[in-house]
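Just so you know, the working numbering puts the end of the sequence shown at 610, numbered straight through with nothing missing.
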Amino acid sequence: MSRTLGIYIHIPFCVRKCNYCDFTSLAGADEELKQRYITCLSKQIQMEGNGRPVDSVFFGGGTPSLLSPSQLGSVMEALRREFSLTKDCEITVEANPGTVTEESLRGYQSLGINRLSFGVQSMEDEILERLGRIHRSEDAVRSVELTRRAGFDNLNLDLMFGIPGQSLDQWTSTLEKITKLSPEHISFYSLQVEEGTPIYNDIKYGRLTPLTDEEDRAMYHAGLAYLRQQGYGQYEISNGAKPGRECRHNRKYWTMQDYVGFGLAAHSFVDGIRYSAGDDLRAYMEALEDNRTPREWVHENTVEETASEFLFTGLRLTEGVDLEEFQRRFGASLEEMYPQSMDELERFRQQGFVVTREQRGLGRGCRRMYLTERGMDISNRIMALFV
Ligand code: SF4
Numbered sequence: 224m225s226r227t228l229g230i231y232i233h234i235p236f237c238v239r240k241c242n243y244c245d246f247t248s249l250a251g252a253d254e255e256l257k258q259r260y261i262t263c264l265s266k267q268i269q270m271e272g273n274g275r276p277v278d279s280v281f282f283g284g285g286t287p288s289l290l291s292p293s294q295l296g297s298v299m300e301a302l303r304r305e306f307s308l309t310k311d312c313e314i315t316v317e318a319n320p321g322t323v324t325e326e327s328l329r330g331y332q333s334l335g336i337n338r339l340s341f342g343v344q345s346m347e348d349e350i351l352e353r354l355g356r357i358h359r360s361e362d363a364v365r366s367v368e369l370t371r372r373a374g375f376d377n378l379n380l381d382l383m384f385g386i387p388g389q390s391l392d393q394w395t396s397t398l399e400k401i402t403k404l405s406p407e408h409i410s411f412y413s414l415q416v417e418e419g420t421p422i423y424n425d426i427k428y429g430r431l432t433p434l435t436d437e438e439d440r441a442m443y444h445a446g447l448a449y450l451r452q453q454g455y456g457q458y459e460i461s462n463g464a465k466p467g468r469e470c471r472h473n474r475k476y477w478t479m480q481d482y483v484g485f486g487l488a489a490h491s492f493v494d495g496i497r498y499s500a501g502d503d504l505r506a507y508m509e510a511l512e513d514n515r516t517p518r519e520w521v522h523e524n525t526v527e528e529t530a531s532e533f534l535f536t537g538l539r540l541t542e543g544v545d546l547e548e549f550q551r552r553f554g555a556s557l558e559e560m561y562p563q564s565m566d567e568l569e570r571f572r573q574q575g576f577v578v579t580r581e582q583r584g585l586g587r588g589c590r591r592m593y594l595t596e597r598g599m600d601i602s603n604r605i606m607a608l609f610v
């Protein structure tokens, strides 16, 4: 397993809360609070840095693009001081369309940031309004133009489908408009309605009607087919990229590589141990100002838990999992680890949901197991075999 780390940095600030959001983020923070948070974040990096090589950094949120280049710069400085960033390190900043300027983008670039990820979600203003997003479709177009002008050549656009009231035509139209912008990478997620969010209440009280599973799946498959036709290879259930532009950082999560998270509620997975800071902003900052670690939760995975997570995350990838690597990592084959699930797995195989295939290439061969496109529709049922 690679000793090269990924680093996730959580920036919990947003202009306002979207109607579907249950992420750890807060709206309307003033400059003083942001600055205080940045100081704490840099201190956490200084306290927990270990000099390990790092080949991906991801600023997620929240809306990291609400930070100025100098604020992001002080975090980058701490990272470069406390870790060893590789020359080709992928450094991504998540951004909301309309929150970047050519100047801020040039500033980000001068810090070594080389990938931008915009939460576009839809190119239909009516849908953006329903989601409670702060931007409109023309902001997305403008932000992409500015990003290219500033010299970025690695861009992801996040999209959402399965939104109450969204038609298949609206989804297709969004895909057409997005692919015209020619991003290197596109993520496409089905809306998850989380309890307590405004959209959840709109559905609960009959103000919005959710799509049926069939409608949601039809959008998923139409999206996949369209993206493929436009040259975006699907490499994960919800992600497609032009050749060679897969997201290095996210691949670390899906292949169970080590990553360290800094910031409010940020999770880490290092040497089989999971840990995270809590999600109370005040407690997080007070701990660091008091020279204490903000770590609130630690869990040492059992071999069985790590094996199960290896399959859960790996089966999200279209390449699936390497069963020989599974055996090497966990000291038992799939059949030995889950004897009770083998009959059911065989049925899924026969029905064309799962494929197991020998692969011979340069060097050693391997046996891979992966989900087919139809299998991905019922991935939860298949993955439940490995709990
Ligand atoms: S921009 Fe993202 S993190 Fe912020 S409120 Fe909207 S969905 Fe949540």
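Using N, Cα and C, we set each Cβ at its ideal position, and we do this for glycine too.
As the structure is a prediction and not an experimental result, all values here were calculated from the model.
Problem - Complete alpha helix (DSSP H) runs within the segment 266–290 (minimum length 4 residues, chain order) - result: Taking 4 residues as the shortest admissible run, the segment 266–290 contains no complete alpha helix (DSSP H) segment at all.
Practice task
Measuring alpha carbon to alpha carbon, tell me which of 355, 440 and 432 ends up nearest residue 391.
Solution key: Nearest to residue 391 by alpha-carbon distance, out of 355, 440 and 432, is 440.
Problem - 7 Å Cβ cutoff, residue 442 in contact with chain B - result: Although the question refers to chain B, the structure presented lacks it and comprises just one protein chain.
Exercise for the section: Pick out whichever of 403, 372, 426 and 459 has its Cα sitting closest to the Cα of residue 411. Expected result: Just measuring C-alpha positions, the residue of 403, 372, 426 and 459 sitting nearest residue 411 is 459.
Exercise for the section: Report the rounded CA-to-CA distance for residue 560 versus residue 550, giving the unit in angstroms. Expected result: About 9 Å.
Exercise for the section: Excluding the 5 residues preceding and the 5 following residue 301 in the sequence, name in chain order all residues of the same chain whose CB lies nearer than 7 Å to its CB. Expected result: Beyond the five residues adjoining it in sequence on each side, residue 301 comes within less than 7 Å, by CB distance, of 265, 268 and 269 in the same chain, given in chain order.
Exercise for the section: May I ask whether a heavy atom of the ligand SF4 can be found less than 6 Å away from the beta carbon of residue 246? Expected result: Taken from the Cβ of residue 246, at least one heavy atom of the ligand SF4 lies inside 6 Å.
Problem - With 16 other Cβ atoms within 10 Å as the buried cut-off, status of residue 611 - result: The chain is shown from 224 up to 610; residue 611 falls before or after that span and cannot be answered.
Problem - Residue from 280, 259 and 252 with nearest C-alpha to residue 491 - result: Considering only alpha carbons, the answer is 280.
Problem - Simplified DSSP assignment, three categories, for residue 344 - result: Assigned with DSSP and collapsed to three states, residue 344 falls in strand.
Problem - Span of the alpha helix (DSSP H) around residue 603 - result: 602–606 is the span of the alpha helix (DSSP H), which, as asked, contains residue 603.
Exercise for the section: Consult DSSP for residue 530 and reduce its assignment to one of helix, strand or coil. Expected result: Here residue 530 sits in helix by DSSP.
Problem - Counted within 10 angstroms of its Cβ, other Cβ atoms place residue 477 as buried (16 or more) or exposed - result: If you draw a 10 Å sphere on the C-beta of residue 477, you find 16 or more other C-beta atoms in it, and that means buried.
Practice task
Measure the C-alpha to C-alpha separation of residue 334 and residue 496 and round it to an integer number of angstroms.
Solution key: It is roughly 31 Å from the alpha-carbon of residue 334 to the alpha-carbon of residue 496.
Exercise for the section: Tell me, please, whether the segment 331–348 touches the segment 395–403 by the rule of three or more beta-carbon pairs shorter than 8 Å. Expected result: In short, these stretches touch, since the Cβ pair count reaches three.
Exercise for the section: With a threshold of 6 Å, establish whether the CB of residue 257 neighbours any heavy atom of the ligand SF4. Expected result: The ligand SF4 never approaches residue 257 closely enough for any of its heavy atoms to be under 6 Å from the residue's Cβ.
Handout entry: Proximity test, residue 420 beta-carbon vs the ligand SF4 heavy atom, cut-off 6 Å
Key = False, no ligand heavy atom lies under 6 Å from that Cβ.
Exercise for the section: Report yes or no: do three or more beta-carbon pairs, one from the segment 419–429 and one from the segment 242–256, lie closer than 8 Å? Expected result: Cβ pair count under 8 Å is three or more, so yes.
Exercise for the section: Output the distance between the C-alpha atoms of residue 262 and residue 248, rounded to the nearest integer angstrom. Expected result: Computed Cα separation, rounded: 18 Å.
Exercise for the section: Could you tell me which of 295, 414, 407 and 313 sits nearest to residue 383, measuring between CA atoms? Expected result: Measuring from the Cα of residue 383, the nearest candidate turns out to be 414.
Handout entry: Contact check, residue 343 vs residue 380, beta carbons under 7 Å
Key = Contact: yes.
Problem - For residue 575 and residue 585, the rounded distance between their alpha carbons - result: At residue 585, the pLDDT of 49 sits below 50, so the modelled position is not reliable; the number obtained from the coordinates is stated separately. About 28 Å.
Problem - Top-ranked residue by Cα proximity to residue 402, from 579, 446 and 590 - result: Nearest neighbour of residue 402 by Cα position, chosen from 579, 446 and 590, turns out to be 446.
Problem - Own chain partners of residue 548 with C-beta closer than 8 Å, once the 5 adjacent residues on each side are dropped - result: Here the set comprises 589.
Problem - Residues near residue 518 in its chain [Cβ-Cβ closer than 8 Å; skip 5 each side] - result: The beta carbon of residue 518 sits closer than 8 Å to the beta carbons of 498, 499 and 500 from its chain, once the five residues preceding and following it are set aside; these are given in chain order.
Practice task
Starting from residue 378, follow its DSSP beta bridges and name the residues at the other end.
Solution key: Paired residue(s): 339.
Exercise for the section: Taking only heavy atoms of the ligand MN into account, decide whether any of them is closer than 6 Å to the Cβ of residue 370. Expected result: What this structure holds is the ligand SF4, not the ligand MN.
Exercise for the section: Tell me where the alpha helix (DSSP H) around residue 385 begins and ends. Expected result: Counting along the chain, residue 385 falls outside any alpha helix (DSSP H), and DSSP gives it neither H nor E.
Practice task
Just tell me which of 362, 494 and 536 has its CA closest to the CA of residue 523.
Solution key: If we check each option's Cα against that of residue 523, 494 comes out closest.
Handout entry: Backbone secondary structure at residue 516 - three-state DSSP
Key = Residue 516: coil per DSSP, three-state reduction.
Handout entry: Rounded separation between residue 570 and residue 580 - CA only
Key = Cα to Cα, residue 570 sits roughly 16 Å from residue 580.
Handout entry: the segment 350–358 / the segment 302–318 touching (three or more Cβ pairs under 8 Å)
Key = By the Cβ test, the segment 350–358 is not in contact with the segment 302–318, since fewer than three Cβ pairs between them sit closer than 8 Å.
Problem - C-beta atoms of residue 362 and residue 406 nearer than 7 Å - result: One thing to note: residue 362 has its Cβ no nearer than 7 Å to the Cβ of residue 406.
Handout entry: For residue 298, the three-state DSSP class (helix, strand or coil)
Key = Taken through DSSP and simplified to helix, strand or coil, residue 298 comes out as helix.
Practice task
Output yes or no for whether 7 Å exceeds the beta carbon distance between residue 297 and residue 276.
Solution key: Not closer than 7 Å, so no.
Practice task
Counting only the same chain and skipping the five closest in sequence on each side, list residues whose C-beta sits under 8 Å from that of residue 448.
Solution key: Within the same chain, residue 448 has no close Cβ partners at all.
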